Amino acid sequence: MRKIIALALAASLMAGCTQEAPVEAEPEYSAHQYNSAIVDIARPDADKERDAARKPGELLAFAQIDRGDVVGDYIMGGGYVTRLLAMSVGSEGKVYAFQPAEFIAYRPEYATEQDAAVEPYPDQVVALRGPIAEPAFPEPLDTIITVMNLHDLFISQMPEGTAEKAIAALYAALKPGGSLIVVDHLAAQGGGVEAADTLHRMDADLALNALTAAGFVLEEESDLYSRPEDPRDANVFDESIRGQTDQLMWRLRKPA
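Residue numbering for the sequence shown is -20 to -1, 1 to 236, as defined by mature numbering (1 follows the signal peptide of the UniProt record, and there is no 0).
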């Protein structure tokens, strides 16, 4: 993983050279680096129609995805992020696209959509299914991305302790120094579990407390999906706000 190697190299160089110019600690990431993933002909038109709102290049840059990385797409849904990751990691990388068994039981089309997302990338993408709190990634991961799904771990339909178990599993799945990227619909402050249950929104304090309790360290926040005009009191599927919700975007790190 280039970003971790760069950090180690920078530290060793600076230790031995006090008079030289500072060494940049990590590579810079920019949206244009991921153009090949965005224009990939295997991406369906429905995905491309979402790009203006979802800003895929900026998302991938924030996630610091490198070619050759091993990445988990946790709760992959329809595969929008999976397809972007497949081309971003390249032929030497791997994407593990995890679809919870609970989602498939609720809506069988999730299985069909998973198969369709994986099929164009047989060498890069592996489909995984299993309990939402027990994602069994077969090798240590550089990065895990979960987009608009963290709140599902807290809803009352899930067994007690699901969020804690799932987050602990994600932490364990990452390499030391690996990162977790979280994007989710924001609830009003103090919304708690009720906001997840009734509005499909994530209380930021509830999320951060659960993530840091597992050992994650918040490294950076982004306002990429900030929409302050959203009052955060409507269900995210309500037509008055659908596709225009205020969303948090975090990069958290598992300490090296």
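Every residue, glycine too, gets a C-beta built ideally from N, C-alpha and C.
On a predicted model such as this, the values are computed, not experimentally measured, just so you know.
| query | Taking the Cβ atom as the reference point for each residue, do PHE42 and SER206 lie within a distance shorter than 8 Å? | reply | Mapped onto the sequence shown, residue 42 falls at position 62. Mapped onto the sequence shown, residue 206 falls at position 226. Their beta carbons are not under 8 Å apart, which means PHE42 does not touch SER206 by this criterion.
| query | Which same chain residues, not among the five before or five after TYR76, have their C-beta less than 6 Å away from its C-beta? | reply | Taking the sequence shown and counting its residues from 1, one reaches residue 76 at position 96. Cβ neighbours of TYR76 beyond the five flanking positions: GLY52, VAL106, LEU108 and PHE117.
| said: Starting from GLY59, trace the beta strand (DSSP E) in both directions and tell me its first and last residue. | reply: Counted from its first residue, the sequence shown places residue 59 at position 79. Counting along the chain, GLY59 falls outside any beta strand (DSSP E), and DSSP gives it neither H nor E.
| said: From the DSSP secondary-structure annotation, give me the bridge partner or partners of LEU160. | reply: By 1-based counting over the sequence shown, the position of residue 160 is 180. DSSP, once it has assigned bridges, lists ILE124 and LEU232 as partnering LEU160.
| Do VAL69 and GLY48 have their C-beta atoms within less than 8 Å of each other? | What you label residue 69 is simply residue 89 of the sequence shown in a count that begins at 1. What you label residue 48 is simply residue 68 of the sequence shown in a count that begins at 1. Their beta carbons are under 8 Å apart, which means VAL69 touches GLY48 by this criterion.
| request: For GLY52, name the three-state secondary structure that DSSP assigns. | output: One-based indexing of the sequence shown puts residue 52 at position 72. Note: GLY52 maps to strand in three-state DSSP.
| message | Measuring only the C-alpha atoms, how far is HIS131 from GLU114? | response | Taking the first residue of the sequence shown as position 1, residue 131 is located at position 151. Taking the first residue of the sequence shown as position 1, residue 114 is located at position 134. So the two alpha carbons sit approximately 16 Å from each other.
| query | In chain order, what residues of the same chain lie with their CB nearer than 7 Å to the CB of LYS35, ignoring the 5 residues before and after it? | reply | Within the sequence shown, residue 35 is the residue found at index 55, counting from 1. Excluding positions up to five away in sequence, the list reads LEU204.
| Is the beta carbon of residue 244 sitting closer than 8 Å to the one on ALA97? | With the chain covering only -20 through 236, there is no way to say anything about residue 244.
| said: From the DSSP secondary-structure annotation, give me the bridge partner or partners of ILE79. | reply: Along the sequence shown, read from residue 1 onward, the residue named residue 79 stands at position 99. It is worth fixing the name first, because residue 79 is Gln in this sequence and not Ile. GLN79 pairs with ARG109.
| task | Return the chain-ordered list of same chain residues with a C-beta closer than 8 Å to the C-beta of GLN169, the five sequence neighbours on each side being excluded. | result | Taking the sequence shown and counting its residues from 1, one reaches residue 169 at position 189. So the qualifying residues of the chain are ASP183, ALA184 and ASP185.
| said: Here's the rule I'm using: 16 or more other beta-carbon atoms within 10 Å means buried, otherwise exposed. How should PRO120 be labelled? | reply: Reading the sequence shown from its first residue, position 140 is the one you call residue 120. Exposed: under 16 other Cβ atoms inside 10 Å.
| field | Pair within 8 Å by beta-carbon distance, LEU150 and TYR54 | value | If you number the sequence shown from 1, residue 150 lands on position 170. If you number the sequence shown from 1, residue 54 lands on position 74. Yes; because the gap between Cβ atoms is below 8 Å, this pair is in contact.
| message | Taking the beta carbon of ASP27 as the centre, do at least 16 other beta carbons fall within 10 Å, making it buried, or is it exposed? | response | On the sequence shown, position 47 is the one that residue 27 refers to. Buried: at least 16 other Cβ atoms inside 10 Å.
| Can you give the Cα-Cα distance for VAL178 and PHE83, rounded to whole angstroms? | Taking the sequence shown and counting its residues from 1, one reaches residue 178 at position 198. Taking the sequence shown and counting its residues from 1, one reaches residue 83 at position 103. Note that residue 178 is Thr in the sequence shown here, rather than Val. Taking the straight line joining both Cα atoms gives about 17 Å.
| query | By Cβ distance, which residues of its chain are closer than 6 Å to LEU154, with the 5 residues on each side in sequence left out? | reply | Locating residue 154 in the sequence shown gives position 174, where the first residue counts as 1. Closer than 6 Å at the Cβ level, and outside the excluded window around LEU154, lie LEU121 and LYS234.
| request: Just tell me which of ARG231, SER16 and THR192 has its CA closest to the CA of VAL127. | output: For the purposes of this step, residue 127 is identified with residue 147 of the sequence shown, where counting begins at 1. Residue ARG231 is the option with its Cα nearest to VAL127.
| message | Extract the residue ranges of the alpha helix (DSSP H) inside the stretch 180 to 223, only unbroken runs of 4 or more that lie entirely within it. | response | 184 to 193
| query | Which two residues bound the contiguous alpha helix (DSSP H) that contains SER10? | reply | If you number the sequence shown from 1, residue 10 lands on position 30. Unbroken run through SER10: none, as it is neither H nor E.
| Coarse secondary structure for GLN227, derived from DSSP in three states | In the sequence shown, counting from the first residue as 1, residue 227 sits at position 247. GLN227 falls in the strand class under three-state DSSP.
| Does DSSP put LYS74 in a helix, in a strand, or in coil? | Here residue 74 is taken as the residue at index 94 of the sequence shown, counted from 1. If DSSP states are grouped into helix, strand and coil, LYS74 belongs with the strands.
| C-alpha distance - ALA(-15) paired with SER16, whole-angstrom precision | Sequence index remark: in the sequence shown, residue -15 carries index 6 (1-based). Sequence index remark: in the sequence shown, residue 16 carries index 36 (1-based). At ALA(-15) the pLDDT is 49, less than 50, meaning the model places this residue with poor confidence and gives no usable figure here.
| Would you call the CB atoms of PRO111 and ALA91 closer than 8 Å? | As a working mapping, residue 111 is identified with position 131 in the sequence shown. As a working mapping, residue 91 is identified with position 111 in the sequence shown. No, the Cβ-Cβ distance between PRO111 and ALA91 is not below 8 Å.
| GLU140 to ASP95 span [Cα, whole Å] | Against the sequence shown, residue 140 aligns to sequence position 160. Against the sequence shown, residue 95 aligns to sequence position 115. About 30 Å.
| field | Local conformation of LYS35 per DSSP, three classes | value | Looking up residue 35 in the sequence shown gives position 55. Coil, per DSSP.
| query | Hey, how far is the Cα of PRO211 from the Cα of ASP103? | reply | As a first step, residue 211 is located in the sequence shown; it is residue number 231 there, counting from the start. As a first step, residue 103 is located in the sequence shown; it is residue number 123 there, counting from the start. Computed Cα separation, rounded: 44 Å.
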